[in-house]
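Novice: In my numbering, the protein residues as written are 5 to 304.
Even for Gly, the Cβ is constructed at its ideal location relative to N, Cα and C.
Quick one: the structure is below, and I'll ask about it shortly.
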């Protein structure tokens with residue numbers, strides 16, 4: 005049975021699919037989202053929920069991150085989901101970590117970064133969970149925000165459906181595309197433009213085209229704790245020194261090379277598995293701690 009004709013059809017109801025739907029719907033397009041599960045799964049809900057401009061290098065990447073932050077904040081107000089602009093701390097316990105942070109602050113003249121160095125005492129005043137032993141201080145950034153991914157993604161989908169009349173076809177697996185037609189086991193639909201936003205499952209549609217793209221699967225390991233006592237608040241999201249070599253923002257710091265060698269001398273598995281340490285606290289009081297990274301076709 006053939007269904008409706010859409011301006012824009014999106015395969016995948018995760019965060020990339022929803023972002024595409026929002027952009028199209030704001031332009032007055034008739035939009036549909038096709039999701040094979042009853043709701044979004046995978047990386048869209050199994051993550052920190054951090055909105056993280058501090059990780060981006062200056063230029064287009066940072067500008068895009070700041071724009072993304074503004075969109076998230078607008079959506080949180082309109083779709084009524086929890087968002088906390090709590091900022092972040094990159095904690096320094098080793099002189100080499102402080103050296104990288106000092107260099108980053110000195111060369112970061114981009115006004116989009118809202119950063120400062122905090123002394124040990126000022127750092128400890130920001131919240132709980134910070135080990136004071138050997139702490140030198142921290143890079144404080146005020147731009148980072150938190151959402152609860154499981155709550156936010158459902159709220160955004162409901163908002164798109166209610167405000168922009170976006171059609172959501174859940175439990176609908178699109179197994180074939182043919183000249184503007186989306187085909188499932190029992191139904192089909194037409195669309196002027198089709199966006200494939202199916203996350204890690206990119207081999208089902210156009211596998212040969214995807215095979216030529218520089219895409220790799222990535223598996224992350226992280227942990228969520230039980231809710232903490234109501235009077236225990238983490239404060240800003242926290243990062244350890246390993247995070248300084250994980251994100252592009254710090255790659256232009258010449259002092260990073262010495263820190264990189266220092267971490268390699270401690271344990272080469274840090275780099276081999278993309279390990280760095282971050283922690284945040286969601287609106288349920290739970291701590292999310294991570295993470296490591298493995299890449300390739302054989303990860304499970």
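If you check the beta carbons only, do residue 229 and residue 291 fall under 8 Å apart?
Specialist: Their beta carbons are under 8 Å apart, which means residue 229 touches residue 291 by this criterion.
Novice: Per DSSP, residue 201 is paired with what?
Specialist: Answer is none; residue 201 lacks a bridge partner.
Novice: So, with DSSP's three-state summary, where would you put residue 265?
Specialist: It is helical.
Novice: How would you write the range of the beta strand (DSSP E) that residue 188 sits in, first residue to last?
Specialist: Looking at the DSSP string, residue 188 is not in any beta strand (DSSP E), and its letter there is neither H nor E.
Novice: Which runs of the alpha helix (DSSP H), 4 residues or longer, sit entirely within the region 118–191?
Specialist: Counting whole runs of 4 or more residues, the region 118–191 contains the alpha helix (DSSP H) stretches 124–128, 153–168.
Novice: I'd like to know whether the C-beta atoms of residue 18 and residue 201 end up nearer to each other than 8 Å.
Specialist: Yes, they are a contact pair.
Novice: Does residue 108 come out as helix, strand or coil in the three-state DSSP assignment?
Specialist: Helix at residue 108.
Novice: Could you tell me the distance, in whole angstroms, from the CA atom of residue 123 to the CA atom of residue 253?
Specialist: So the alpha carbons of these two residues sit roughly 22 Å apart.
Novice: Please name the residue or residues paired with residue 224 in a DSSP beta bridge.
Specialist: Residue 224 pairs with 297.
Novice: Taking 8 Å as the cut-off, decide whether the C-beta atoms of residue 152 and residue 41 are in contact.
Specialist: Contact: no.
Novice: Starting from residue 35 and walking both ways along the beta strand (DSSP E), at which residues does that stretch end?
Specialist: Here the beta strand (DSSP E) through residue 35 covers 35–38.
Novice: Give the secondary structure of residue 78 by DSSP, where H, G and I count as helix, E and B as strand, and everything else as coil.
Specialist: Residue 78: helix per DSSP, three-state reduction.
Novice: What does the Cβ neighbour count give for residue 79, buried or exposed, with the cut at 16 atoms within 10 Å?
Specialist: Under this definition residue 79 is a buried residue.
Novice: My guess is that residue 29 and residue 170 are in contact by the Cβ rule of under 8 Å, so how many angstroms apart are they, rounded?
Specialist: Indeed they touch by this definition, with Cβ atoms about 6 Å apart.
Novice: Within 10 angstroms of the Cβ of residue 240, are there 16 or more other Cβ atoms? Answer buried if so, exposed if not.
Specialist: Buried, because 16 or more other Cβ atoms sit within 10 Å of the Cβ of residue 240.
Novice: Determine contact between the region 89–99 and the region 197–214, defined as no fewer than three beta-carbon pairs at a distance below 8 Å.
Specialist: Cβ pair count under 8 Å is below three, so no.
Novice: For residue 125, which option in 140, 116, 115 has the closest C-alpha, if you only look at C-alpha atoms?
Specialist: Checked all of 140, 116, 115; the closest Cα to residue 125 is 140.
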